[in-house]
Amino acid sequence: MSKDKNTSKEIVEKEYSTLNLGPTHPATHGIFQNVLKMDGEIIMDSESTVGYIHRAFEKLAERRPYYQITPITDRLNYCSSPINNMGWHMTVEKLLGIEIPKRVQYMRVIIMELARIADHVICNSVIGVDTGAMTGFLYIFQMRERIYDIYEELCGARLTTNIGRIGGLERDFTPKAWALLDQFLVDFPPALKEFENLLMRNRIFMDRTINCGPISAERALNYSFSGPNLRAAGVDYDVRVANPYCSYEEFDFIIPVGTQGDTYDRFMVRQGEMWESVKIIQQAIAKIKKEPAGIYHADVPEFFLPPKEEVYNNMEALIYHFKIVMGETEIPKGEVYHAVEGGNGEVGYYLISDGGRTPYRLHMRRPCFIYYQAYAEMIRGGLLSDAILTMSSMNVIAGELDA
Amino acid sequence: METQALLTAVEQKLKAQFPEGYVSSELIADYPTFIVKRDSILDVVKFLYNDVDTSFQYLTTLATIHYPDHTGQEFAVMYQLHDLRKNLRIRIKIFFSSSDTHVPSITSVFSAANWMERQEFDFFGIIFTGHPNLKRILNMDEMTYHPMRKEYALEDGTREDKDDKMFGR
Numbered sequence: 000m001s002k003d004k005n006t007s008k009e010i011v012e013k014e015y016s017t018l019n020l021g022p023t024h025p026a027t028h029g030i031f032q033n034v035l036k037m038d039g040e041i042i043m044d045s046e047s048t049v050g051y052i053h054r055a056f057e058k059l060a061e062r063r064p065y066y067q068i069t070p071i072t073d074r075l076n077y078c079s080s081p082i083n084n085m086g087w088h089m090t091v092e093k094l095l096g097i098e099i100p101k102r103v104q105y106m107r108v109i110i111m112e113l114a115r116i117a118d119h120v121i122c123n124s125v126i127g128v129d130t131g132a133m134t135g136f137l138y139i140f141q142m143r144e145r146i147y148d149i150y151e152e153l154c155g156a157r158l159t160t161n162i163g164r165i166g167g168l169e170r171d172f173t174p175k176a177w178a179l180l181d182q183f184l185v186d187f188p189p190a191l192k193e194f195e196n197l198l199m200r201n202r203i204f205m206d207r208t209i210n211c212g213p214i215s216a217e218r219a220l221n222y223s224f225s226g227p228n229l230r231a232a233g234v235d236y237d238v239r240v241a242n243p244y245c246s247y248e249e250f251d252f253i254i255p256v257g258t259q260g261d262t263y264d265r266f267m268v269r270q271g272e273m274w275e276s277v278k279i280i281q282q283a284i285a286k287i288k289k290e291p292a293g294i295y296h297a298d299v300p301e302f303f304l305p306p307k308e309e310v311y312n313n314m315e316a317l318i319y320h321f322k323i324v325m326g327e328t329e330i331p332k333g334e335v336y337h338a339v340e341g342g343n344g345e346v347g348y349y350l351i352s353d354g355g356r357t358p359y360r361l362h363m364r365r366p367c368f369i370y371y372q373a374y375a376e377m378i379r380g381g382l383l384s385d386a387i388l389t390m391s392s393m394n395v396i397a398g399e400l401d402a
Numbered sequence: 000m001e002t003q004a005l006l007t008a009v010e011q012k013l014k015a016q017f018p019e020g021y022v023s024s025e026l027i028a029d030y031p032t033f034i035v036k037r038d039s040i041l042d043v044v045k046f047l048y049n050d051v052d053t054s055f056q057y058l059t060t061l062a063t064i065h066y067p068d069h070t071g072q073e074f075a076v077m078y079q080l081h082d083l084r085k086n087l088r089i090r091i092k093i094f095f096s097s098s099d100t101h102v103p104s105i106t107s108v109f110s111a112a113n114w115m116e117r118q119e120f121d122f123f124g125i126i127f128t129g130h131p132n133l134k135r136i137l138n139m140d141e142m143t144y145h146p147m148r149k150e151y152a153l154e155d156g157t158r159e160d161k162d163d164k165m166f167g168r
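Sequence lines, in order, name chains A and B.
0 is the number of the first residue of the first sequence in numbering that gives the first Met the number 0; add one for each residue after it.
0 is the number of the first residue of the second sequence in numbering that gives the first Met the number 0; add one for each residue after it.
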């Protein structure tokens with residue numbers, strides 16, 4: 000600093016500071032790093048590093064028989080793992096040409112819509128938490144516990160469910176499962192309404208989330224967004240409607256669509272989708288009542304394990320059991336792609352089979368990995384706290400990001 | 000549009016626009032699949048993006064497949080495009096040899112291809128020319144090999160503590 004009044008003013012060069020929103024951070028939901036270049040509190044640029052939870056699923060899948068790949072599909076979007084499981088089963092059934100009975104399809108729809116509700120409950124309540132509103136999160140998570148109870152009754156696991164088998168489900172829904180499901184459908188709508196009353200028209204929440212991390216529909220499409228993030232930007236693309244699978248064309252539901260693609264729109268789209276999921280589950284239960292009871296798998300003894308009692312008494316069952324477990328069944332050669340509407344968008348499986356007991360190549364189209372690229376663009380010019388909120392509203396799940 | 004009709008429609012357009020680049024087309028499991036030459040892939044993608052009748056402006060995914068036994072055509076990259084307005088899906092494949100793994104990058108058309116191509120570079124070593132930031136994305140930067148290639152075993156070969164005889168592999 001010069002004391003001489005006649006010196007010319009020094010030119011102050013603007014220096015940007017670097018802030019590391021590190022891999023382990025309480026506000027990022029998962030393990031991914033963002034190195035932010037900040038001008039004060041405004042974000043000028045950011046660089047993302049992902050891959051901290053990369054578990055080499057695509058390589059693993061080349062060494063595992065088809066029924067052993069289901070547990071690794073669980074761990075993609077672990078908040079709604081049944082959807083990934085069902086998507087995988089449907090891909091293999093497409094390859095093998097297996098026709099699934101209607102009742103099983105409706106049961107799968109119920110399971111997938113429960114998973115969607117579970118995923119959106121997490122995302123929306125966590126948007127609340129990131130704005131400072133912890134109460135909604137605590138109360139609505141009790142409903143997610145109920146969904147976990149239903150999964151536990153269906154398959155034994157709560158989070159990474161491995162539900163279903165190629166050709167159907169591993170067991171029929173027990174009476175206790177039906178009772179839990181009916182009780183859930185009675186208790187969830189009032190709880191969701193209570194959650195909505197806390198946040199949806201809350202002045203502070205709206206001021207915080209409107210215009211926070213927006214993206215236009217053109218940029219979203221160029222970044223291959225899908226799922227609620229794309230619908231919040233205004234594009235009504237939903238795989239359940241565009242390429243219906245599992246009898247979704249028989250169900251009556253709307254696709255909630257936003258306008259600006261900001262955090263508030265993403266919150267509202269997920270909220271709307273939860274209400275639609277409840278409607279779909281109610282319709283599925285009504286449809287199941289009209290189907291002949293007791294069917295929970297297709298009649299494909301070459302791919303669906305026979306019941307254990309028969310294996311010890313019946314010769315054909317013994318032979319099929321042996322062939323399936325030892326991998327001696329004939330898998331046709333082929334190349335298929337099947338996509339389902341996951342909690343985050345289009346979860347696709349591209350499967351190439353060369354006739355062996357394991358896939359030749361399995362590529363998983365992970366929606367989270369694809370749309371997270373746009374994060375740098377979405378937070379540019381915003382504040383740091385808006386960046387945190389954008390990340391949580393995009394529902395970035397590290398398992399799906401990295402596979 | 001029926002998948003067979005879609006196959007013929009796009010086939011005719013590609014044959015007319017790219018007489019040398021177009022190789023063949025096939026309906027694989029009800030999915031129109033087109034094989035084009037590696038050097039023309041960027042032009043093909045741009046053409047299909049801008050075409051008025053069937054504008055494929057959404058990149059669903061891209062993946063690489065390694066066929067070590069097909070000498071001269073060891074690698075294939077497949078692109079899946081989607082026309083959201085008319086709900087049409089197609090697949091485009093290019094085949095090339097492992098001696099020259101350069102592929103034109105399509106990030107200038109689809110921003111989504113940025114990380115998708117980085118993943119293929121990381122896993123298979125495909126070098127996308129024109130990519131703004133071609134580095135490894137999911138594996139660690141110090142890794143010297145490309146793990147999804149068929150010659151690399153599932154497990155880390157440098158480990159000395161696991162004896163295959165005891166682990167029954």
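We put the CB at the ideal spot given by N, CA and C, even for glycine.
Around Q32 (chain A), the same chain offers G21, P22, T48 as residues with beta carbons nearer than 6 Å, after the five sequence neighbours per side are excluded. Three or more Cβ pairs closer than 8 Å define a contact, and the region 317-329 of chain A falls short of that threshold against the region 240-260 of chain A. Following the DSSP letters along the chain, one finds G342 (chain A) in no alpha helix (DSSP H), marked with neither H nor E.
Residue pairing by DSSP places G333 (chain A) opposite A:S352 in a beta bridge. Counting the other CB atoms within 10 Å of its CB gives V43 (chain B) a total of 16 or more, which places it among the buried residues. Uninterrupted beta strand (DSSP E) stretches at least 3 residues long and entirely within the region 11-84 of chain A occur at 16-20, 32-38, 41-48, given in chain order. DSSP places E116 (chain B) inside the alpha helix (DSSP H), whose first and last residues are 112-123. The three-state secondary structure of E327 (chain A), taken from DSSP, is coil.
L80 (chain B) is a Cβ neighbour of I91 (chain B), given a cutoff of 8 Å. In terms of beta-carbon proximity, N221 (chain A) lines the interface with chain B, with at least one pair separated by less than 8 Å.
Judged by their CB atoms, D261 (chain A) and N210 (chain A) are nearer to each other than the 8 Å cut-off. At a cut-off of 8 Å between beta carbons, F109 (chain B) contacts chain A. Along the region 330-345 of chain A, the positions whose C-beta sits under 8 Å from a C-beta of chain B are G333, E334, V335, Y336, A338, E345, read in chain order.
At a cut-off of 8 Å, the C-beta of Q56 (chain B) has a neighbouring C-beta in chain A. Counting only unbroken stretches of 3 or more residues, the beta strand (DSSP E) elements lying wholly within the region 16-55 of chain B are 21-27, 30-35, in sequence order. Counting along the chain, T262 (chain A) sits inside the alpha helix (DSSP H) bounded by residues 262-289.
Proximity of chain A to T100 (chain B) at the Cβ level (cut-off 9 Å) is not reached, the minimal Cβ distance being about 17 Å. Counting along the chain, the unbroken beta strand (DSSP E) around K92 (chain B) starts and ends at 87-95. Below the 7 Å Cβ cutoff, chain A contributes no neighbours of M0 (chain B), its closest Cβ being approximately 13 Å away. Where D181 (chain A) is concerned, there is no enclosing beta strand (DSSP E), although the alpha helix (DSSP H) around it starts and stops at 174-198. Shortest Cα-Cα distance from Y77 (chain A) to any of A:M37, A:H119, A:E98 involves A:H119. Interface annotation, G50 (chain A): in contact with chain B, CB-CB separation under 8 Å. Taking a Cβ-Cβ cut-off of 8 Å, the neighbours of Q372 (chain A) in chain B comprise S110, A111, N113, W114, given in sequence order. Bounds of the alpha helix (DSSP H) holding F204 (chain A) are 202-208. The DSSP-derived three-state label of V125 (chain A) is helix. In the assembly as shown, H362 (chain A) is a buried residue. Its beta-carbon has 16 or more other beta-carbons within 10 Å.
Positions of the beta strand (DSSP E) runs, each at least 3 residues long and wholly inside the region 95-160 of chain A, cannot be given because no such run exists. If you draw a straight line from the Cα of T106 (chain B) to the Cα of A112 (chain B), it comes to about 5 Å. For D99 (chain B), DSSP records no beta bridge to any residue. With a threshold of 16 other beta carbon atoms within 10 Å, V324 (chain A) falls short and is exposed.
Residues of chain A with a Cβ closer than 7 Å to the Cβ of A62 (chain B) are, in chain order, Y349, H362. For M390 (chain A), no beta strand (DSSP E) run applies; the uninterrupted alpha helix (DSSP H) run containing it begins and ends at 383-392, by DSSP. Using a CB distance cut-off of 8 Å, T59 (chain B) counts as an interface residue toward chain A. Contact annotation: the region 95-109 of chain A touches the region 159-177 of chain A, with at least three C-beta pairs closer than 8 Å. R269 (chain A) and P64 (chain A) do not touch by the CB rule: their CB atoms are close to 36 Å apart, not below 8 Å. Rounded to the nearest whole angstrom, the C-alpha separation of I40 (chain B) and E272 (chain A) is 38 Å.
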